[in-house]
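Single-structure report; data block below.
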Amino acid sequence: MTTREPIDQQQAWQALSQHAEAMRKVHLKDLFQEQDGRHERYARRAAGMMLDLSKQRWRDETLEMLLELARAADVPAAIDRLLSGARVNLSEDRPALHTALRLPADAKLEVDGEDVVPGVHRTLDHMATMVAKFHAGQWRGATGRAITDVVNLGVGGSDLGPLMVTHALADYRPRDVHPVEVHFASTMDGSQLADYLARLNPETTLFVISSKSFTTIDTLSNALTARDWLFSHLADGDDVDGLVMRQHFIGVSASREKMSEWGISECNQLEFWEWVGGRYSLWGAIGLPIALAVGMDNFRALLDGAHAMDRHFATAELADNLPVLLALAGIWNVNFLDIRAHSILPYDGRLEYFASYLEQLEMESNGKSVTNEGDSVTYSTCPVLWGQLGPNAQHAFYQLLHQGTQPVECDFIAPIRRYDRVEDEATRKHLKGQHRLTLANCFAQSRVLMLGDDAIEDDGPRPSHKRYRGNQPSTTLLLDRLTPETLGALVALYEHKVFVQATIWDINPFDQWGVELGKKIATQTEQILTSHEGIESLDDSSRGLIEAVWRESDY
Ligand code: F6P
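Under the working numbering, the residues of the sequence shown are numbered 1 to 555, in order.
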């Protein structure tokens, strides 16, 4: 890797900075007035979706300059390196090959001289065998009863992706199979797990311990509680013949050794690889809960959709490349218009967990402040990104979007078609009406955010607290329908957007050293909390908090 001139010192960046001086004074409504056909000019289609970037605060020349910036950062070469398995994760010296998890079986991709595709498909086949067994009612617990409930124990990437997709594709649950409910427990405080343990039957419950490292304390503390619960109910406290472990636990990790140490039977171990980042891992074994919930065919359709986006990313010109354009819109807002907050607003209840999924994907990937060469960056990187279902957020934080002091970029996401599969005609009609209402709200909100007061034709005099300034930029993404394929493509779109931004910012999106120190200090703090020794080494606030706990609890 050659050392690159800092991006903000390159001509393309400086030209954009100058251009932004002028653009900051231009209102979005003026951009629409000065350019006919703006929607068509800034809309692009691929992989079952349409991306409308016309409500960004830019002109044709802005986009040209941003494309020049992408070329200056050598984005096309970076895309090639990512997809071909180069060691793009520099601090950990390994490739980031989540895209290999969705390659078709007849593809070939060598990492360190070995084709990784057969291994990927072996794991998919292993998952398929497991799923078939559950769906046939043949996966039985220690007392011989078929498993009906599967609880995924994982956190971060080992939770958010499967949780988000399982919820999003709930309409795709297979009928005519033995029903298996999938649940998720992630929090280290055990509150989610306690709730499941109170209402599930140990005889018919299985736990999937999902952890790439198999060292994450959040997950392992939940797993220990679950193991004791099963042992005490099914094995008189001691699983002498290993039956409970065999019938009630599956492990998913990059470390077979650690799974074995924990007692996961070899045949219940699903493997993935160090070259798959945790937050990029839903496409393989970590996706087992998805496959259990929606069936293996739909899981494979999800992979196909993501692969279609990968192909588009690899082959489309920069100016027509959806992930590249989405990334450039973000860069324009963050680095040149000083808009450092970004809200994700899906208008479909099935995408309830999409924003929290993206919070990890974007902020854990690009929340960085040193370049690949180890220098401090002299420009902003990832914005603060948060979100919520749009219709609900309208009654929560949209007030700030419309009349607050913070500029915010918004992504509106909605499916064009909905409820086609509802069988009862009257219900279908009502639900379609609700969908129409939802689309109207989605389009109305982005319009008001753009135009402000000008959205109302008859705009008589109004007091200032009833005025809207508008000029908040947004992107709208319309999916033809929300299917396994389009969802796969949607997630891949954001994965690649993150990569393009990281390339331009010259940061590594595939490590997360920022979370390590907190883990270390938490371990020390727990030792002090438990042993009552060493508190004098802490600061006054931490001491006060710990002493308050000691005074009021039995710790
Ligand atoms: O603490 C952050 C993190 O490392 C994430 O990157 C990861 O997705 C999560 O923890 C869980 O890690 P693991 O899958 O190894 O348990």
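Glycine included, every Cβ here is placed at the ideal spot set by N, Cα and C.
> Are Ala489 and Met49 touching if we call contact CB-CB under 9 angstroms?
Replying inline: yes
> Looking at C-alpha atoms only, which residue of Ala393, Ala128, His98 is the closest neighbour of Phe412?
Replying inline: Selected option, being the one with the closest Cα: Ala393.
>> Suppose contacts are defined by Cβ-Cβ distances below 9 angstroms. Is Leu431 in contact with Arg418 by that definition?
In response: Yes; because the gap between Cβ atoms is below 9 angstroms, this pair is in contact.
> If you scan the region 193–231 from start to end, which runs of the beta strand (DSSP E) of 3 or more residues do you find wholly inside it?
Replying inline: 205–210
>> Quick check: the region 206–216 against the region 240–252, are at least 3 beta-carbon pairs closer than 8 angstroms?
In response: Yes, the region 240–252 touches the region 206–216.
> Mind checking whether the beta-carbon of Ser158 lies closer than 8 angstroms to any heavy atom of the ligand F6P?
Replying inline: yes
> In terms of residues, what are the limits of the alpha helix (DSSP H) holding Val384?
Replying inline: Careful: Val384 lies outside any alpha helix (DSSP H), inside the beta strand (DSSP E) at 384–387.
>> Can you tell me whether Phe443 sits near the ligand COA, meaning its C-beta is under 8 angstroms from at least one heavy atom of the ligand?
In response: The model depicted lacks the ligand COA and carries the ligand F6P instead.
>> If I measure Cβ to Cβ from Cys442 and keep anything under 7 angstroms in the same chain, skipping five residues before and after, which residues do I get?
In response: Only Tyr347, Gly390, Phe412, Ala414 meet the Cβ criterion.
> Contact between the region 295–310 and the region 454–469: three or more CB pairs below 8 angstroms?
Replying inline: no
> Under a three-way DSSP split, which group does Leu103 fall into?
Replying inline: coil
> Which runs of the alpha helix (DSSP H), 4 residues or longer, sit entirely within the region 33–63?
Replying inline: 38–42
>> Let me make sure I understand the geometry here. Which of Gln445, Leu361, Glu34, Leu326 has the alpha-carbon closest to that of Ser158?
In response: Leu361
> Since Val155 contacts Thr219 with CB under 8 angstroms, what's their CB separation in whole angstroms?
Replying inline: 6 angstroms
> Going by other Cβ atoms of all chains shown within 10 Å of its Cβ, with 16 needed for buried, is Trp513 buried or exposed?
Replying inline: exposed
>> For Pro407 and Ile339, which I take to be in contact (beta-carbon distance under 8 angstroms), what is that distance rounded to the nearest angstrom?
In response: 4 angstroms
>> Helix, strand or coil for Ala86? Go by DSSP, reduced to three states.
In response: Note: Ala86 maps to coil in three-state DSSP.
> What's the gap between the Cα of Trp273 and the Cα of His135?
Replying inline: 27 angstroms
> For the ligand F6P, any of its heavy atoms closer than 8 angstroms to the Cβ of Val208?
Replying inline: no
>> Distance check for Ala20 and Thr216, CA to CA, integer angstroms please.
In response: Straight-line Cα distance between these residues: approximately 44 angstroms.
>> For Ala12, tell me which candidate among Ile331, Val384, Leu193 has the shortest Cα-Cα distance.
In response: Comparing alpha-carbon positions, the option among Ile331, Val384, Leu193 lying closest to Ala12 turns out to be Ile331.
>> Using only CA atoms, which one of Ala194, Glu257, Glu423, Ser213 lies nearest to Arg227?
In response: Ala194
> What are the start and end residues of the beta strand (DSSP E) that includes His342?
Replying inline: 341–346
> Within 8 angstroms: the Cβ of Gly305 and any heavy atom of the ligand F6P?
Replying inline: Because no heavy atom of the ligand F6P lies under 8 angstroms away, the Cβ of Gly305 does not count as near it: no.
>> Looking at the secondary structure, which residues open and close the beta strand (DSSP E) in which His183 lies?
In response: From DSSP, the beta strand (DSSP E) with His183 extends over 181–185.
> When every heavy atom of the ligand F6P is checked, does at least one fall within less than 8 angstroms of the C-beta of Val515?
Replying inline: yes
>> Here's the rule: buried if 16 or more other CB atoms are within 10 angstroms of the residue's CB, otherwise exposed. What is Leu103?
In response: buried
>> For Tyr353, count the other beta carbons within 10 Å of its own beta carbon; 16 or more makes it buried, fewer makes it exposed. Which is it?
In response: buried
> From what residue to what residue does the alpha helix (DSSP H) around Ala128 run?
Replying inline: In this chain, the alpha helix (DSSP H) harbouring Ala128 covers 117–135.
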